[in-house]
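Asker: Attaching a single structure in structure tokens format; questions to follow.
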Amino acid sequence: MQVSRIPTGAPHAALGQDRDLDDAGDRSGGDVRGAILTHVVCRAVNNSGVVIRGERVVLRPFRPEELDQWHSARMASADDRTQFPVGPPDPERLCERVERSGELRHGTLDLAVDVDGRLIGEIGTYAEPGREMRPGLFFLSIALFRPQDRGRGLGTDAVRVLCDWLFRSAGAERIESSTAISNPAMRGVFEKLGFGFEGVKSRWDVDWAHYAVSREQWNVDPS
Numbered sequence: 000m001q002v003s004r005i006p007t008g009a010p011h012a013a014l015g016q017d018r019d020l021d022d023a024g025d026r027s028g029g030d031v032r033g034a035i036l037t038h039v040v041c042r043a044v045n046n047s048g049v050v051i052r053g054e055r056v057v058l059r060p061f062r063p064e065e066l067d068q069w070h071s072a073r074m075a076s077a078d079d080r081t082q083f084p085v086g087p088p089d090p091e092r093l094c095e096r097v098e099r100s101g102e103l104r105h106g107t108l109d110l111a112v113d114v115d116g117r118l119i120g121e122i123g124t125y126a127e128p129g130r131e132m133r134p135g136l137f138f139l140s141i142a143l144f145r146p147q148d149r150g151r152g153l154g155t156d157a158v159r160v161l162c163d164w165l166f167r168s169a170g171a172e173r174i175e176s177s178t179a180i181s182n183p184a185m186r187g188v189f190e191k192l193g194f195g196f197e198g199v200k201s202r203w204d205v206d207w208a209h210y211a212v213s214r215e216q217w218n219v220d221p222s
């Protein structure tokens with residue numbers, strides 16, 4: 000794994016308050032579609048953002064011109080309560096997230112999942128709604144936009160390198176996530192990477208399988 004920081008002027012499993020409460024499971028189902036967001040313009044971001052290189056994916060900040068693709072991917076499955084429990088995404092909120100992507104703020108981080116220069120999904124962390132997030136605790140979310148990019152190990156690589164970065168570089172002591180109990184693929188990713196199953200939680204009329212892994216379980220070398 001390689002980690003670097005670059006200028007951002009040139010981002011599923013889980014739920015999120017700062018993410019419109021719409022992050023649940025490996026979200027998008029079906030083809031990417033949706034109207035062009037001509038009324039929303041994202042600014043170029045001048046700060047430096049986190050870039051994490053895995054074996055097959057690169058996690059990087061979103062680019063302003065990727066807003067429409069991100070919004071369209073989310074709209075493709077906006078009616079799925081396991082992915083958007085409280086309705087479709089807000090384009091202006093997504094624009095704000097594009098502008099601050101690559102920055103870890105109060106436990107929240109948005110990153111794009113990139114394969115060979117192509118945006119294929121989103122991954123990040125956020126504060127779990129209705130819960131005090133103590134220092135060192137992170138809640139993870141991931142989504143791959145198109146069906147043809149799933150089942151190829153790309154999501155596993157993305158989760159692996161983000162968790163490794165959080166434990167090594169962001170002071171993580173524990174990483175948690177949830178996915179619909181009806182999502183065996185995402186549950187398999189967690190189990191493959193050593194997350195432990197911690198039970199089922201019901202929220203928004205959906206049953207969520209809850210998973211977690213600690214620093215000790217991840218076996219991080221402090222050097």
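Going by numbering that gives the first Met the number 0, 64 is the number at position 65 of the sequence shown; the sequence numbering is gapless. Glycine residues also receive a C-beta, built at the ideal position from the N, C-alpha and C atoms.
Using beta-carbon positions only, say whether Gly-120 and Leu-153 come within less than 9 Å of one another.
Answerer: Yes, these two residues count as a Cβ contact at 9 Å.
Asker: Would you mind reading off the limits of the alpha helix (DSSP H) that contains Phe-137?
Answerer: Taken as a continuous stretch (DSSP letters only), Phe-137 belongs to no alpha helix (DSSP H), being part of the beta strand (DSSP E) at 136-143.
Asker: With a Cβ-Cβ cutoff of 9 Å, do Thr-155 and Ala-126 count as a contact?
Answerer: Against a cut-off of 9 Å, the Cβ pair of Ala-126 and Thr-155 comes out as no contact.
Asker: Where does Val-199 land, buried or exposed, given buried means 16+ other C-beta within 10 angstroms?
Answerer: It is exposed - the Cβ of Val-199 has fewer than 16 other Cβ atoms within 10 Å.
Asker: Met-132 to Ile-141, Cα distance in whole Å?
Answerer: Answer to the nearest angstrom: the Cα atoms are 19 Å apart.
Asker: Determine which residues share a DSSP beta bridge with Lys-200 and list them.
Answerer: DSSP, once it has assigned bridges, lists Trp-207 as partnering Lys-200.
Asker: Take Arg-59 and list the residues in its own chain whose beta-carbon comes closer than 6 Å to its own, dropping the five residues that flank it on each side.
Answerer: The residues are Val-50, Ala-111 and Asp-113.
Asker: Going by DSSP, which residues form a beta bridge with Arg-104?
Answerer: Answer is Thr-107, bridged to Arg-104.
Asker: Can you tell me the Cα-Cα spacing of Met-234 and Pro-90, whole angstroms?
Answerer: There is no way to answer for residue 234, as the model of the chain reaches only from 0 to 222.
Asker: Are Ile-180 and Trp-207 touching if we call contact CB-CB under 9 Å?
Answerer: Contact flag set, yes.
Asker: Helix or strand or just coil, what does DSSP make of Gly-116?
Answerer: It is coil, neither helix nor strand.
Asker: Decide if Glu-54 is buried, meaning its Cβ has at least 16 other Cβ atoms within 10 Å, or exposed.
Answerer: Label assigned to Glu-54: exposed.
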